[in-house]
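Line by line, the protein sequences are chains A and B.
The first sequence begins at 15 in this note's numbering and counts up by one.
The second sequence begins at 2 in this note's numbering and counts up by one.
Backbone N, C-alpha and C fix where the C-beta goes; we use that ideal spot for every residue, glycine too.
All figures in this text were calculated on a predicted structure; none of them were measured in a lab.
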Amino acid sequence: MINVVFLLLIFFLMTAQMTPPSPVQITPPSGEGTAHTQDAPRVYIDQSGEVYFTTAQGADAIAAVVSSQFEILDIATDQAVDANVLIARLQQLNPTGQTRIELIIAPPRGLAE
Amino acid sequence: MFDLGQTIRRKRPTLTPMIDVVFLLLVFFMLAARFGSDQTLSVSAPSPVASTYTGAPRLIEVDDQNRLFLNGQMMQVDALIPAVMQLMTAPNDVVVLRPKSGTQVQSLVKAMTVLRDNGIDTIALVGHRDAP
């Protein structure tokens, strides 16, 4: 039993740091989406429409994303953000239209859907 | 004989506190680890050929009460889907989705999921002209 406990502990120790902490507290919109791997770079948009990318925020973050020319970009946004603000940010982050943008969605909680 | 005194029974230090600590660490990491089991919704996908818009206007709007409007006319989902399909010249024609002012992302996501569930995959998101 102690061996099993140690194994579990080491497992969680190894996998615990896989997701870097998000700079802002957001509640993603709920919905049914498609499963997605964690590899794509992630942009955060908080309630005020401010963009966060790694350590940069605002216009610096947008410039960093545009200059990196990612193929795939994840966007984690709060569900209360104005949709038109999100669309404006999408156009700012993807001016060439060559980036595939995925919006992070939380599966709906509860049994009812 | 000599009184040798009491033989000292050596007691091994108990392992119980160490197991407690291990359990505590385990529970801590179980709670603190996030596996990122997110799901995603594709909002922008690059198309190899610049898609041109063909056919009648297919403008779907959504407001903050999750009501859908097709070309300015409010419709229920059951009526809207066939109406949009009729306006499409090909199954993968572009449909424009535009949230009204003050609509939350949640409503937009809900509208997109409803459209996708009914077979409308090619959605172009545009912003309202009053948007910042």
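query, result
"Every unbroken beta strand (DSSP E) inside the segment 29-115 of chain B [3 residues or more]", "40-45, 60-63, 69-71, 74-76, 96-100"
"Best match in A:Leu27, A:Gly72, A:Ala102, A:Asp88 for proximity to Arg114 (chain A) [C-alpha to C-alpha]", "A:Asp88"
"Any C-beta of chain B under 8 Å from that of Asp53 (chain A)", "no"
"Phe70 (chain B) at chain A interface by Cβ criterion, 8 Å", "no"
"Min CB distance Thr113 (chain A) to chain E below 8 Å", "The displayed structure is made up of protein chains A and B, and chain E is not among them."
"Buried versus exposed call for Ile9 (chain B) [16 or more other C-beta atoms within 10 Å across all chains shown]", "exposed"
"Leu27 (chain A) to Val57 (chain A) span [Cα, whole Å]", "26 Å"
"Cβ of Asn98 (chain A) within 8 Å of any chain B Cβ", "yes"
"Closest residue to Val44 (chain B) among B:Met113, B:Arg59, B:Asp118 (Cα-Cα distance)", "B:Met113"
"Residue interval of the alpha helix (DSSP H) (run including Arg103 (chain A))", "97-107"
"Cα-Cα separation between Ala97 (chain A) and Ser82 (chain A), rounded to whole angstroms", "25 Å"
"Inter-stretch contact (C-beta, 8 Å, three-pair minimum) for the segment 57-70 of chain A and the segment 15-23 of chain B", "no"
"Stretch-stretch touch, CB-based, cutoff 8 Å, three pairs: the segment 99-112 of chain A with the segment 23-32 of chain B", "no"
"Endpoints, the alpha helix (DSSP H) within which Ala120 (chain A) is located", "Here Ala120 (chain A) belongs to no alpha helix (DSSP H), and DSSP marks it neither H nor E."
"Separation of Leu5 (chain B) from Lys12 (chain B), as counted between CA atoms", "20 Å"
"Status (buried if at least 16 other CB within 10 Å, exposed otherwise) for Pro43 (chain A)", "buried"
"Test: Met31 (chain B) CB closer than 8 Å to a CB of chain A", "yes"
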